[in-house]
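Single-structure report; data block below.
2 protein chains.
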Amino acid sequence: MALDHAILVSLLEKPGSGYELARRFERSIGYFWTATHQQIYRVLKRMEGDGWVDVRDVPQHGRPDKKEYSVADAGRAALSAWLAAPIEPESVRHDLAVKIRGAAFDDPAALVGEVERHRQVHTDRLAHYLAGEARDFGEPPAEGGPSAADGPLDAERELQHVVLRGGIAYERMMIVWLDDVLATLGRFETAR
Amino acid sequence: MALDHAILVSLLEKPGSGYELARRFERSIGYFWTATHQQIYRVLKRMEGDGWVDVRDVPQHGRPDKKEYSVADAGRAALSAWLAAPIEPESVRHDLAVKIRGAAFDDPAALVGEVERHRQVHTDRLAHYLAGEARDFGEPPAEGGPSAADGPLDAERELQHVVLRGGIAYERMMIVWLDDVLATLGRFETAR
DNA sequence: GTCATCATGTAAAAGGTTACATGATTGG
DNA sequence: CCAATCATGTAACCTTTTACATGATGAC
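So the protein lines, in turn, are chains A and B.
The numbering of the first sequence is full-length UniProt numbering, which starts it at 1 and goes up by one.
The numbering of the second sequence is full-length UniProt numbering, which starts it at 1 and goes up by one.
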């Protein structure tokens, strides 16, 4: 029930078409909420029907027209209501953990390649995050540290940054853990 | 497509009824793969039809009979095939990250209670994991360090332990990050 | 010319959630 | 007697995934 809200947040950050949203769900937002373009188009259509979003046809030169969506008042209200409601489950699906436990009943050493592949994905993602952090949140040329002259706190920017820091912490933890997994699997490899 | 495999792994670790599996999915396994009893009963029935699991009626004194499931050869083969196939997506759904980014368009300070609640959940879970680790994997009374006399490596035990260490690392990371989130939100709270 | 990218969708199948339903025993 | 726990399920609904489908432009 929260793909709606993820889309609303993304549209508040910047209005865009279904296609553009789908691309964002492959990058920034997609790192903590996955969605395919089929899902996105369906939800946009439903939210349009419910008056949560407004649509505007944007003709483009050379390219097909796009429908630019932006959040309507009703959508903002729906988001507010969701923000105020507690969420519990944080349901997780860690295939790799299931595989590791399952490997005990098969060949543990056969899992090494798979774990290394995952480690590479997390290494790449970490590098990507760190590059994004340096680009978007790099040290401002502060003289004498933060002061009132820095202007009001930009909530959107600060909160995006703290979520990104979460992603960075997650990738770092995963890399350390996957090394632990590899070391553990290695003990069986040599023991065979 | 992997609830099947999570159930197979759990049944290989220890045969049991649908009810018992549902309880395990609330505890150990459930921390990296969620499932309700309705899902489990449905999948067990399907796997029984496909010959992946065997069933045995166990009459009990005082309690309703239970159907004890165990993994058949075809189930083991299916698990092996899954273990050998690469998995990519690791699809994530972090409601809280969406909420944090969404809070920029609402009241960031209003999220403090929710974040604190999540922090508590992770603190409790960490304590639970650490207790489990001490109980199940506590230092054996080794004299002179590890040696061949310790016997062969127990793959099931070692791999369960490394998965548990992953859970511990995850909870620790989350607590540190949630403190970062709280500090970030706090800057808006006082700025209002 | 062919491939990648932009842009939007439909349809079917699989999987997950929520609500309802039953019935026995044990402990307070 | 009432609540909790053990034990198993059905039905309806919603969401997600996978496959198919179309058509244009720009770069090579």
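Glycine included, each C-beta is placed from N, C-alpha and C at the ideal position.
Predicted model only: the values in this text are computed from it and were never measured.
Between the alpha carbons of GLU114(B) and ILE87(A) lies a distance of about 8 Å. With respect to the C-alpha of GLN60(B), the residue from SER28(B), ALA155(B), LEU126(B), SER17(B) having the closest C-alpha is SER17(B). Residue pairing by DSSP places VAL55(B) opposite TYR69(B) in a beta bridge. Beta-carbon to beta-carbon, THR36(A) and GLU158(B) are separated by about 38 Å, too far to satisfy the 8 Å threshold. DSSP places ARG23(A) in the helix class (H, G or I) of the three-state scheme.
Here PHE32(A) is near ALA97(B), since their CB atoms are less than 8 Å apart. The beta carbon of PHE188(B) is closer than 8 Å to those of PRO108, ALA109 in its chain, skipping five residues each way along the sequence.
For TRP33(B), the pairing in a beta bridge is given by DSSP as ARG93(A). In this structure, the straight-line span from the alpha carbon of TYR129(B) to that of ILE175(B) is close to 14 Å. Under the 8 Å criterion on CB atoms, LYS14(A) is classed as non-interfacial with respect to chain B. Any Cβ of chain B closer than 8 Å to the Cβ of VAL58(A) would place that residue at the interface, and such an atom is absent.
Under the three-state reduction of DSSP output, GLY186(B) falls in the helix class. Spatial neighbours of THR123(B) in its own chain (CB-CB distance under 7 Å, excluding positions within 5 residues in sequence) are listed in chain order as ILE175.
When secondary structure is reduced to three states using DSSP, GLY75(B) falls in the helix class. By the criterion of a C-beta distance shorter than 8 Å, ALA22(B) is surrounded in its chain by ALA35, THR36, HIS37, ILE40, once the five residues flanking it on both sides are discounted. The continuous alpha helix (DSSP H) containing LEU11(A) extends over residues 3 to 13.
Under the DSSP assignment, LEU130(A) falls in the alpha helix (DSSP H) whose first and last residues are 112 to 137.
Using a CB distance cut-off of 8 Å, TRP52(A) does not count as an interface residue toward chain B.
As the crow flies, the alpha-carbon of ALA103(B) is around 47 Å from that of TRP52(B).
Closest option to ALA74(B), judged by alpha-carbon separation, among GLU68(B), LYS45(B), VAL121(B), ASP50(B): ASP50(B). Using a CB distance cut-off of 8 Å, VAL176(B) counts as an interface residue toward chain A.
Relative to ASP106(B), the option among ALA6(A), ARG76(A), SER70(A) whose CA is nearest is ARG76(A).
Not flagged as an interface residue toward chain A: GLY186(B), since no C-beta distance is shorter than 8 Å.
Checking the DSSP bridge columns, you'll see GLY16(A) partnered with TYR69(A). Neighbours of PHE32(B) across chain A, judged by C-beta separation under 8 Å: VAL92, ARG93, HIS94, ALA97, VAL98.
At the C-beta level, TYR19(A) and LEU44(A) stay beyond 8 Å of one another.
With 16 or more other CB atoms across the displayed protein chains lying within 10 angstroms of its CB, GLN160(A) is buried.
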